[in-house]
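In full-length UniProt numbering, the protein residues as written are 1 to 269.
Virtual Cβ for every residue (Gly too), placed ideally from N, Cα, C.
Before any comments, here is the structure.
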Amino acid sequence: MYNNMGTPAGVPQPPPSAQPNPFGNSFYGASSGLIRGGLGAYGEKILGSSSEYVQSNISRYFSDPQYYFQVNDQYVRNKLKVVLFPFFHRGHWTRISEPVGGRLSYKPPIFDINAPDLYIPFMAFGTYVVIAGFFLGLQGKFSPEALNWLFVKGLIGWFLQVALLKITLLSLGSGEAPLLDMVAYAGYTFTGLAIAVLGKILMSYSYYALMPWFCLCMGIFLVKTMKRVLFAEVRSYDSSRHHYLLILIALAQFPLFSWLGNISVNWLF
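This is how it looks when you write it as structure tokens:
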């Protein structure tokens, strides 16, 4: 009925290490609550403001990558017609906007033919590299190293096109267009380029007709697109210079297409 200490069995005993402290619990509870509340509010304020700052600034130059892959078969067909045959595009070139969260946002490509996408540029770039490698194989010059050089050459051409578009906007004081938009617009270069290289394989003389045609079409497409960006989206431009810069974009397509269309082992030429 009793334990070794003489306390009746069944009676709860206090822990042996507990020490009476009338101020400890109250001080600990108050201080911990103050620390948790103060630091929590301060941290939430810092993290909240910083996340809003980062999100607002990133959204000025980047967009959600998933936005550029919301495509379907109908969009791809219609977009290829606009890129390869801009003369026959009878509709407007303005993107469709809609209010989202208290601010205007653009509809994704699946709902807007004028919206930029990254599906077609990536597919066209891969097709260009494969067709160019096949062309080297027909000439007996194919090698893994040559294919790597073609890949690097295509990336450099893509980068140069993006840089041309961004510099044009920056020179007009309108550099806030999302970077992924510029990457998408520049990537459409490889649609016509892949077809021109394929024509060189099927019928060598057709290359000399296809290449100037797609250079001209790409120039018109970019001029129409950049005019829309300058006038409708960025709303800041210098009327004394924007015509010359748009013409420069169109003329720059000819040396760029000629360089990328020249399939050889030496990627510099």
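Less than 6 Å between C-beta atoms, sequence neighbours within five positions excluded: which residues of the same chain meet that for V130? Working through the sequence shown from its first residue, we reach residue 130 at position 130. The answer is none, since no qualifying residue turns up.
Chain-order list of residues whose beta-carbon lies under 8 Å from that of F87 (same chain, five-residue window excluded): By 1-based counting over the sequence shown, the position of residue 87 is 87. So the list reads C217, I220, once near-sequence residues are dropped.
Which of helix, strand or coil DSSP assigns to S97: In the sequence shown, counting from the first residue as 1, residue 97 sits at position 97. It is a strand residue.
The alpha helix (DSSP H) that contains R77, what's its start and end? Taking the sequence shown and counting its residues from 1, the one referred to as residue 77 is at position 77. 73 to 84 is the span of the alpha helix (DSSP H), which, as asked, contains R77.
Can you tell me whether T94 is buried or exposed? The criterion is at least 16 other CB atoms within 10 Å of its CB, across all chains shown. For this step, residue 94 is matched to residue 94 along the sequence shown. The residue is exposed, with fewer than 16 neighbouring Cβ atoms inside 10 Å.
I120 and Y185 closer than 8 Å at C-beta: Residue 120 sits at position 120 when you count from the first residue of the sequence shown. Residue 185 sits at position 185 when you count from the first residue of the sequence shown. In terms of Cβ geometry, I120 and Y185 do not form a close pair [threshold 8 Å].
May I ask which residues mark the beginning and end of the alpha helix (DSSP H) holding Y67? As a working note, residue 67 is residue 67 in the sequence shown. No residue range can be given for Y67, since it is assigned to no alpha helix (DSSP H) and is classified by DSSP as neither H nor E.
Close-in-space but distant-in-sequence residues of the same chain around L210 (CB under 6 Å, 5 per side omitted): Locating residue 210 in the sequence shown gives position 210, where the first residue counts as 1. Excluding sequence positions up to five before and after L210, its CB lies within less than 6 Å of the CB of A196, G199, all in the same chain and listed in chain order.
Please specify which runs of the beta strand (DSSP E), each continuous and at least 3 residues long, are wholly inside the stretch 99 to 140, giving them in chain order. Counting whole runs of 3 or more residues, the stretch 99 to 140 contains the beta strand (DSSP E) stretches 103 to 106.
Go through its chain and collect everything with a Cβ distance to A124's Cβ below 6 Å, but skip five positions before and after it. As a first step, residue 124 must be located in the sequence shown, where it is residue number 124. If the five residues before and after A124 are omitted, its C-beta is found closer than 6 Å to the C-beta atoms of F190, T191, A194, all from its own chain and listed in chain order.
Please list, in chain order, all residues of the same chain as D181 whose beta carbon is under 6 Å from its beta carbon, the five residues on each side excluded. Here residue 181 refers to the residue found at position 181 when the sequence shown is read from its first residue. Hits under 6 Å: P116.
What is the rounded straight-line gap between the Cα of F142 and the Cα of V265? As a working note, residue 142 is residue 142 in the sequence shown. As a working note, residue 265 is residue 265 in the sequence shown. A direct Cα-Cα distance of roughly 8 Å separates F142 from V265.
Residue range of the alpha helix (DSSP H) that includes P255: Stepping through the sequence shown from its first residue, residue 255 is reached at position 255. It spans 242 to 261 - the alpha helix (DSSP H) in which P255 sits, taken as one unbroken run.
When we look at the beta-carbon of I96 and count the other beta-carbons within 10 Å, is it buried (16 or more) or exposed? For the purposes of this step, residue 96 is taken as the residue at position 96 of the sequence shown. By the neighbour-count rule (16 or more Cβ atoms within 10 Å), I96 is not buried but exposed.
Start-end ranges of the alpha helix (DSSP H) lying completely within the stretch 163 to 242, minimum 4 residues: You should have 179 to 187, 189 to 202, 207 to 228.
Pick from P108, V100, A177 that is closest to Q66, judged by C-alpha positions: One-based indexing of the sequence shown puts residue 66 at position 66. Nearest option by C-alpha distance: P108.
Residue-chain proximity (L256, chain B), Cβ-Cβ < 8 Å: Absent from the structure is chain B; it holds one protein chain and no more.
Considering only residues of the same chain and omitting the five flanking positions on each side of V223, which have a CB-CB separation below 7 Å? As a position in the sequence shown, residue 223 is number 223, starting the count at 1. Correct list, in chain order: L246, I249, A250.
Alpha carbon to alpha carbon, how far is S204 from Y106? Give it in angstroms, no decimals. The residue you call residue 106 lines up with position 106 of the sequence shown. The residue you call residue 204 lines up with position 204 of the sequence shown. If you draw a straight line from the Cα of Y106 to the Cα of S204, it comes to about 42 Å.
When the Cα atoms are used, what is the spatial distance from L230 to L169? Position 230 of the sequence shown holds residue 230. Position 169 of the sequence shown holds residue 169. One C-alpha to the other measures close to 8 Å.
What number of angstroms, rounded off, separates the C-alpha of F214 from the C-alpha of Y128? As a working mapping, residue 214 is identified with position 214 in the sequence shown. As a working mapping, residue 128 is identified with position 128 in the sequence shown. When only Cα atoms are considered, F214 and Y128 end up about 14 Å apart.
Going by beta-carbon coordinates alone, are Y68 and I113 separated by less than 8 Å? In the sequence shown, counting from the first residue as 1, residue 68 sits at position 68. In the sequence shown, counting from the first residue as 1, residue 113 sits at position 113. For Y68 and I113, no; Cβs fall outside 8 Å.
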